Each structure stands twice: as C-alpha cells, then as structure tokens.
Ligand code: GLU
Ligand code: ZN
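Residue numbers (our numbering): 22 to 351.
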C-alpha cells in the first residue's frame, strides 16, 4: 500500500453499454473494499472508446448504482461535488493530460506510428496466441521515420504503439497473487493512442490512475493481461504504479463473460421491469461472493459488516437459471 496517502480506488465504467450483474458485482466489491478500509471512491467515466460510447448510458449507470445503494466520494454525482482537485472525471475531457504523457513517450523514443489494419495483423500471425487479442509482431517498429511519412505511405492517420520491453513482467495482485508475463511473447508492442490527439485505453488509464492518486485499481480479471502493459507504461513515464486487485468474472453457462446472449441482466431491467428490490440484488451479489445465503436480502451497511476478502471464490461465478429466477429476470 502507498502509506503516505489514504486508500483511494475508482469506479471506472465505460458507457458503451448498461451496467449488468457482472460489472455491478465488481463495483459493489470496490465499494466494500474501500469503505472497509475507510478509503475514498472516485467515479471516472471511461468514454474514449468511440464509436461504441453511448452518452445516454452515463446517467443510467449513476442511477443504477445509487439504486443499489452505492455512493462515491468524488466525481460526477458524488457525495462531495465541491471536491474538484482531481477532475475532470470524464476521460473525454482529459486529453491534455494524455497529450503530455504522449509527448514524453515520443521524446523518449518509446512509441512509434503504426498503420496496420486488423487484416494486416491477422495475416502476420505466425502462431495462435492466448487471449482474445491479436498478437502484434511489431510490423511498423522501424518502418516510418515520422507520422507524416506513415500517413503518406499508407494514406491514413497512424495509431501509436508502445515499444514494449523484453523479458518477464512480474507483479503481485492483491487477490490473484503473482502474475508473470512476457509482453513480447504475449501481445507485442501495443496501441497507446488511436492518433496523436486521441489516447487509447492503456495510456489513459495509467495517466488517470496516477493523476488521481489511486492506490489500488480494482477490476475484473479479464484485464489482468492489460496490467502488465500498464506497469510497463508507468515505468516508462517514471510513475509509481498503484496496487492491483483483479476479481473473477461473472460468466454464463457457456463459460463466456456475461453479455446480452445470456439474457437481459441489466440492473436497469431489474429496477424498471421487475419487483425485485435493491436489497435482494445486493443479497444475491453478496451470495456470489460467499457473504450471504441464496435469497437473502441485505442492505449495504449489513453487507459491509460481513465483507471478507478471504471468502471470495477464485473461480468465475456462473449465472444459472435459478439466479435469473431469483432476481425476477425470468
Ligand atoms: N472502463 C473499463 C471497463 O468498464 C475498466 C477499465 C479499468 O478498470 O481499468 O471495462
Ligand atoms: Zn503496424
């Protein structure tokens, strides 16, 4: 833990879709963890993923979280709207922070323009790689002298990739334990900006978590591989990384991350279209973490008394029919 500053974590929803049972579980966990450590919770909206961002989802996410009983100390609709020290809290308003880091990386020679399409990268795969993401065999690393050159050659504005370090990256996750990965074997050089004026997720999240003095990043474990990339960026930028805690996902019976194909599991659906109470949803989320019996109803305050990191299963939680029935979704 960073001892000199208080515990701070963030809720970082992407308004590309609605809040569903899976992200609600991660946010509930973050709330419990922060409150049990007398820490602070920051709301940050990650709306850089154009064109998938749906601005109308932002308000719905706040409403859903508040309906469940979650609150946060800083950011939009927070308990302390007068605190703006770490703002703005919406990523699309923070490009100047990202540009500064981008310039630093460029001056250090850590990034380069890349004009590859997905098809180019697919065609260059020499072997199948783990994960959903395509391995990038550093095709553009020494190809262009500058972005103008890249644009002239390819006829398009280049993205920018970070020259990832060679060798094993190691960190200790506060839930999953020791994590080891060789970025050059796993992902290759990775994208940090869609173009010079538009940061991509990996850079934005590092710049923001650093600028907002986040001491522990909490998120679902599908982002574990990203953490190695982010740690490499912290190092390149001369910043001290926060601690990380990755939680298992909520998945469907087919083993895939909870999504539309598993039925409607949006919190707004439960809130608007069923008679299920927020306490019942909280009780069920608590049940998936082994803090409650199936069907129990709980307030946030009651649940806080039962919070115990050690009880949480390390396996993904599989949503079955009985769960959807309990929540009034079928
Ligand atoms: N905005 C990301 C998401 O909703 C979370 C990213 C993070 O926590 O680092 O999946
Ligand atoms: Zn390329």
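Built from N, CA and C at the ideal position, the CB exists for glycine as well.
Predicted model only: the values in this text are computed from it and were never measured.
Considered as a whole, the region 167–203 harbours 168–175 as its complete alpha helix (DSSP H) runs of no fewer than 4 residues, in chain order. Each residue's CA atom was taken as its position, placing residue 92 and residue 102 some 12 Å apart. Nearest to residue 271 by C-alpha distance, out of 33, 43, 28, is 43. Across the set 266, 260, 229, 259, the C-alpha of 266 shows the shortest separation from the C-alpha of residue 246. Short of 6 Å from the beta carbon of residue 52, and not among the five residues preceding or following it, lie these beta carbons of its own chain, in chain order: 91. In the structure shown, the three-state DSSP call for residue 61 is strand.
Of the candidates 332, 325, 300, 28, 300 places its Cα closest to the Cα of residue 319. By the Cβ rule, the region 64–74 does not count as touching the region 307–316, because fewer than three pairs are nearer than 8 Å. Residue 211 carries a strand assignment under DSSP once its states are collapsed to helix, strand and coil. Per the Cβ contact rule, the region 211–222 is in contact with the region 177–186 (3 or more Cβ pairs under 8 Å). Relative to the ligand GLU, the nearest heavy atom lies less than 6 Å away from the CB of residue 67. Minimum Cα-Cα distance from residue 233 among the listed residues 58, 57, 64, 38 corresponds to 64. Residue 178 sits close to residue 216, with the two beta carbons spaced by under 7 Å. Between residue 202 and residue 251, the alpha-carbon positions lie close to 12 Å from each other.
Here the region 72–90 does not lie against the region 234–245, with fewer than 3 beta-carbon pairs under 8 Å apart. Three or more beta-carbon pairs separated by less than 8 Å link the region 107–121 to the region 217–233, which places the two stretches in contact. The C-beta separation of residue 339 from residue 283 comes to about 10 Å, leaving the pair out of contact by the 8 Å criterion. A direct Cα-to-Cα measurement between residue 279 and residue 290 gives close to 15 Å.
At a cut-off of 6 Å, the beta-carbon of residue 137 counts as near the ligand ZN: some heavy atom of the ligand is closer than that. Within the same chain, 208, 246 come within 8 Å of residue 154 by CB-CB distance, once the 5 residues on both sides are set aside. With 16 or more other CB atoms across the displayed protein chains lying within 10 angstroms of its CB, residue 112 is buried.
In this model, residue 108 and residue 144 are separated by some 42 Å (Cα to Cα). The three-state secondary structure of residue 84, taken from DSSP, is helix. Taking residue 33 as the centre and dropping the five residues before and after it, the same chain places the C-beta of 65, 67 closer than 7 Å to its C-beta, in chain order.
In this structure, 254 is the residue among 125, 195, 168, 254 with its C-alpha nearest to the C-alpha of residue 222.
Judged by beta-carbon spacing, residue 29 lies within the 7 Å limit of residue 60, meaning their Cβ atoms are closer than that value. Here the C-alpha atom of residue 45 lies approximately 20 Å from the C-alpha atom of residue 331. At a threshold of 6 Å, residue 155 does not count as near the ligand ZN, since its beta carbon sits no closer than that to any of the ligand's heavy atoms. Remark: C-beta atoms of residue 37 and residue 268 do not approach each other more closely than 7 Å. In this chain, the alpha helix (DSSP H) harbouring residue 248 covers 245–257. Straight across, the Cα-Cα distance linking residue 304 with residue 39 is about 21 Å.
The nearest non-hydrogen atom of the ligand ZN is 6 Å or more from the C-beta of residue 59.
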